[in-house]
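S.K.: In my numbering, the protein residues as written are 102 to 327.
(1) Just the Cα atoms here: how many angstroms apart are residue 291 and residue 310?
(2) Who does residue 144 pair with in a DSSP beta bridge?
(3) Tell me which residues share the same chain as residue 149 and place their Cβ nearer than 7 angstroms to its Cβ, disregarding the 5 neighbours each side in the sequence.
(4) Excluding the 5 residues flanking residue 182 on each side, which residues of the same chain have their C-beta closer than 8 angstroms to its C-beta?
(5) Leaving aside the five residues before and after residue 286 along the sequence, list all residues of the same chain whose C-beta is less than 8 angstroms from its C-beta, in chain order.
(6) Which of the three DSSP states is assigned to residue 287 in this structure?
(7) Alpha carbon to alpha carbon, how far is residue 325 from residue 115? Give it in angstroms, no decimals.
(8) Please state the DSSP three-state secondary structure of residue 190.
(9) If you follow the beta strand (DSSP E) that residue 138 is in, where does it begin and where does it stop?
(10) Quick one: grab the DSSP three-state call for residue 45.
(11) By how many angstroms is the C-alpha of residue 276 removed from the C-alpha of residue 238?
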């Protein structure tokens, strides 16, 4: 056990998996900011389960995306964040907000274990399948990690479309129109592979996004069984 504990310095820190009074207070302040600069519309909240493990998977436009997504659901979302951010004074704040570090560009076993722990404890895991921000240029080819996690943990994926975050503050003091839409859950079926479920997820997201944001998923292949 001591060998495992010393194998990764991240094991020495506490990572929060649930809501807390400190987290609610921080999000209260963030919500005041968002209400001042955006006109936020949230749709499909009835599609989000109130308990049990769930992955919330969205298109990734900017660093702002995670906040309105959290406003749209009643449970704390645990996100992966790039490891560099956890070596700054933001470290404790990010952990209280249920974020956890991932070393990008390699298979990070620690981050995968933590993501499994989030779901094993019946919590909500937030994922951006594209792995990087599109900055409004349209969906990029998704990685299969989100689907693989859903298959391994046998839990639903809630696809979420985020539209408008790339315009936040660009027309200030005019408020930016922001829309978050939660779509019906996708459940892994017995025939799904990580690739087939990823395709199902991304074409589902593309169909609900404006045409200019559909990117590489704009055209559904002939015979695709969505």
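Glycine included, every Cβ here is placed at the ideal spot set by N, Cα and C. All values derive from a computational prediction rather than experimental measurement.
M.R.: So, from the listed chains and residues:
(1) Position 190 of the chain shown holds residue 291. Position 209 of the chain shown holds residue 310. Residue 291 and residue 310: Cα-Cα distance of roughly 28 angstroms.
(2) The sequence position of residue 144 within the chain shown is 43, counting from 1. Looking at the DSSP assignment, residue 144 forms a beta bridge with 282.
(3) Translated into positions along the chain shown, residue 149 becomes position 48. Excluding sequence neighbours, residue 149 sits near 174, 259 and 283.
(4) Here residue 182 refers to the residue found at position 81 of the chain shown. The answer, listed in chain order, is 195, 200, 201, 202 and 203.
(5) Within the chain shown, the letter at position 185 stands for residue 286. 148, 150, 155, 257, 258 and 259, listed in sequence order.
(6) The residue you call residue 287 lines up with position 186 of the chain shown. If DSSP states are grouped into helix, strand and coil, residue 287 belongs with the strands.
(7) Counting from 1 along the chain shown, the entry for residue 115 is found at position 14. Counting from 1 along the chain shown, the entry for residue 325 is found at position 224. Cα to Cα, the separation comes out at about 44 angstroms.
(8) On the chain shown, position 89 is the one that residue 190 refers to. If DSSP states are grouped into helix, strand and coil, residue 190 belongs with coil.
(9) Residue numbering aside, residue 138 sits at position 37 when the chain shown is read from its first letter. Per DSSP, residue 138 belongs to no beta strand (DSSP E); it is in the alpha helix (DSSP H), 122-138.
(10) Absent from the model: residue 45. The displayed extent of the chain is 102 to 327, so no value can be given.
(11) Here the question's residue 238 lines up with position 137 in the chain shown. Here the question's residue 276 lines up with position 175 in the chain shown. Each residue's alpha carbon lies about 22 angstroms from the other.
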